[in-house]
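Below you'll find the structure, written out as structure tokens, and then a few comments.
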Amino acid sequence: MKPRLRGVSHEYAFFVSLACGAGLILAASGGRARLAASVYAVAVSALFGTSALYHRVSWRPGARRWMRRLDHSMIFVLIAGTYTPVALLALSGTLANAILVVLWAGALAGMAFKLAWIDAPKWLLAAIYVALGLISAAVMGELPAAIGWLGVAGLASGGLLYIAGAVIYASERPNPWPRVFGYHEVFHALVIAAAGLHYAVIAFAVLPRG
Numbered sequence: 147m148k149p150r151l152r153g154v155s156h157e158y159a160f161f162v163s164l165a166c167g168a169g170l171i172l173a174a175s176g177g178r179a180r181l182a183a184s185v186y187a188v189a190v191s192a193l194f195g196t197s198a199l200y201h202r203v204s205w206r207p208g209a210r211r212w213m214r215r216l217d218h219s220m221i222f223v224l225i226a227g228t229y230t231p232v233a234l235l236a237l238s239g240t241l242a243n244a245i246l247v248v249l250w251a252g253a254l255a256g257m258a259f260k261l262a263w264i265d266a267p268k269w270l271l272a273a274i275y276v277a278l279g280l281i282s283a284a285v286m287g288e289l290p291a292a293i294g295w296l297g298v299a300g301l302a303s304g305g306l307l308y309i310a311g312a313v314i315y316a317s318e319r320p321n322p323w324p325r326v327f328g329y330h331e332v333f334h335a336l337v338i339a340a341a342g343l344h345y346a347v348i349a350f351a352v353l354p355r356g
């Protein structure tokens, strides 16, 4: 039996993400910044919306399997959507293009993998999520000039929260109150916290200054 709070946090996070994402897009300074904000906002809302829909609705078995595929696939979209603004606004030229190609190719490959293998082991999925997210580590040295060390710290901290969530998802520990708030809810809470940190960093990058 699912914990009573399964999907509740992501249901609320979805509506918050719609408001925050719209505000970010409207306030972004310039076309490139608005594109960056739009990609991130859509990715975050898609993740939370799909997760809430999957976990909060009582699906028939066949539909549930497809929703599970979609839910897990959205994590790849979130990873690529999070680092797209970084590539667009903090990098330039060939490096930016290379990161974007690798990120989205990896995300599409991950989605295809998950759609094809619905019962892939949790540890394998977690490892793939982490590997895709760590692509950003290759360009960390280029970022301080664009977003400052505080921005780099925010990106890294959010990434560490995602990694912690992946470990908890794969290990199913800790599982504090299995009937109400279990390991999956802890994982969801860490995803929300990480998305919030990354939102703050991206907002700093896309909003006008001065």
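Everything in the sequence shown is counted per the numbering used here, starting at 147 for the first residue and increasing by one.
Every residue, glycine too, gets a C-beta built ideally from N, C-alpha and C.
For Ile338, the enclosing alpha helix (DSSP H) has its first and last residue at 329 to 352. A distance of 9 Å or more separates the beta carbons of Ala165 and Val352.
Ile225 is the residue among Ile225, Leu172, Trp205, Arg215 whose C-alpha sits nearest the C-alpha of Ala189.
Membership of Leu216 in the alpha helix (DSSP H) is indicated by the continuous run 207 to 236. Sixteen is the threshold: since fewer than 16 other Cβ atoms of the shown chains lie within 10 Å of the Cβ of Ser238, the residue is exposed.
The beta-carbon distance between Leu301 and Val347, rounded to whole angstroms, is 6 Å. This is short enough to meet the 8 Å contact definition. With respect to Leu170, Tyr345 sits close: the two C-beta atoms are nearer than 9 Å. As far as DSSP is concerned, Trp295 takes part in no beta bridge.
Residue state for Trp323 is assigned as strand, using DSSP reduced to three classes.
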